[in-house]
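Peer 1: Take a look at this one; I'll ask things after.
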Amino acid sequence: MSRWVIADLQGDYLNDQQFSPQASAFFQDEANRDRLSLRSYFEPAQVAIVFDHIASIIHYANAYRLQEDKLTALAFDANEIQGLHQSLKTIGVLDDSGLLQASQLAFFLIPENAAVFDVPGFSDYDTEVFFQLYDIAKAIEQTIKAVDQALKDYSDGQQTAILEQVQSVLGIDLDAVKAVSAALFKTETNLHFAWLQPLLQDANALGHLDELPNDMHYTQAVKRIRQLALLISQQQLDINEISLFLEDQNLVAKFPEDLILPDGLTSVDAVLASEAFIYVFKDDYYWIYEVDDYTLIDKKTVVLGIKADEKLIDRQKRIKICKAAEGRPHPPIVCSPCSRTSRCGVDRSLWHLGGGEWWVSLCQICGCGRVG
């Protein structure tokens, strides 16, 4: 039915999805409720509902526009009102639809700016026009704040609902759930996203999980949260004690990582992490792991015919690692501190570790690098 209403209003009251100039005056006059005409299968009571609904939309929209009745009260005639709108559009205050430009909002929220506001051709009314625009700016600001608050309340409600479900499983206070979740997921906001997003990504078409999520970091974090919850429950720790060992003792950073070193390697000289890769350095060589699951994707030698090595080659192709001789990544471009050069033409960034002893250039697109 709404489509029929929109079709019937085209021409006289609507231009596509915009109200026509005469629509505002028509729907603000209650005497016109009985004059609105729609196709025959709309009963009079239904037509009245449509009229009232459109009138409420126009009334709400007028709070964000220069109102003709206020300009008429300043003795503006129709031509002067049109000229004022055109001048305000010319100086960039209003957009083509007559709404206050977003870039002008801050200016019109400061009453003192009335002293410097000037409308070409209407200088005698600069102050009056400014404060009409000030009222519009205040209305917009209040609406933005209301929308922000509504979204925040909705998000907070979602987060509380999810964390209360987690609380029922972990058996600890809600504040404790928030604290350990924030520490393990490394975020202070939108904790419900951290809990739900990996589950939703791996859910089937019915919204059910057939197996554990593929995100290793997520499953590891959940496992550690359960371990911490057991500790908190056993020791009867309050939120202050929880904050103490999470923050002051930096407990989360002391958890081990499940990164398996290459065969024969028992220690490393340095570890470098980027957004996509982890570089492990030893002597004059290094190895590359994917950040997502700590899979080794580069090693000194690969042998065709060995299943593990063939999987590694396929994985390298999938993530588009640039390779040169012997399957190694191509050399980096100039390293300023070391004055070393290469033939890499891909965008890259340089990292330097400890007095220029180690350096590596990492292509931000493909993730390749080389130690010099």
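First residue of the sequence shown? That's 0 in numbering that gives the first Met the number 0, and the numbers climb one at a time after it. Backbone N, C-alpha and C fix where the C-beta goes; we use that ideal spot for every residue, glycine too.
Would you kindly check if the distance between the Cβ of S180 and the Cβ of I238 is under 8 angstroms?
Peer 2: no
Peer 1: Grab me the residues of L195's own chain with a C-beta within less than 8 angstroms of its C-beta, minus the 5 sequence neighbours each way, in chain order.
Peer 2: I161
Peer 1: Ignoring anything shorter than 4 residues, give me the alpha helix (DSSP H) runs that lie fully in the segment 124-203, in order along the chain.
Peer 2: 125-169, 173-184 and 190-201
Peer 1: Since Q81 and I57 should fall inside the 8 angstroms C-beta cutoff, what is the C-beta to C-beta distance between them, to a whole number of angstroms?
Peer 2: Q81 to I57, Cβ: 19 angstroms. No contact.
Peer 1: Would you report the Cα separation of T186 and A175, rounded to the nearest angstrom?
Peer 2: 15 angstroms
Peer 1: Let me know if S1 comes out buried or exposed under the rule of 16 or more other beta-carbons within 10 Å of its beta-carbon.
Peer 2: exposed
Peer 1: If you follow the alpha helix (DSSP H) that V46 is part of, which residue opens it and which one closes it?
Peer 2: For V46, the enclosing alpha helix (DSSP H) has its first and last residue at P43 to N61.
Peer 1: Starting from V270, follow the beta strand (DSSP E) in both directions and report where the run begins and ends.
Peer 2: A269 to A272
Peer 1: Alpha carbon to alpha carbon, how far is G108 from F130?
Peer 2: For the record, residue 108 in the displayed sequence is Leu; it is not Gly. Cα-Cα distance, rounded: 10 angstroms.
Peer 1: So, helix, strand or coil for V279, using DSSP?
Peer 2: Here V279 carries a strand assignment [DSSP, helix/strand/coil].
Peer 1: Report the residue from K137, L13 and F184 whose alpha carbon sits nearest the alpha carbon of P110.
Peer 2: K137
Peer 1: Report the rounded CA-to-CA distance for D51 versus R32, giving the unit in angstroms.
Peer 2: 8 angstroms
Peer 1: The alpha helix (DSSP H) that contains E246, what's its start and end?
Peer 2: Segment: none, E246 is in no alpha helix (DSSP H) and carries neither H nor E.
Peer 1: DSSP three-state call for F75: helix, strand or coil?
Peer 2: coil
Peer 1: Can you list, in chain order, the residues of its chain with a C-beta nearer than 8 angstroms to that of Q219? Leave out the 5 residues immediately preceding and following it.
Peer 2: If we look at Q219 and ignore the five residues flanking it on each side, its Cβ neighbours are D257.
Peer 1: From the DSSP output, in three-state form, read off E289 for me.
Peer 2: strand
Peer 1: Ends of the alpha helix (DSSP H) at L104?
Peer 2: L104 to F107
Peer 1: Whole-angstrom Cβ separation of Q158 and L190, contact assumed at under 8 angstroms?
Peer 2: In this structure Q158 is in contact with L190, their Cβ atoms being roughly 6 angstroms apart against a cut-off of 8 angstroms.
Peer 1: As a quick exercise: from Y278, V128, D172 and L104, pick the residue whose alpha carbon is nearest that of I143.
Peer 2: L104
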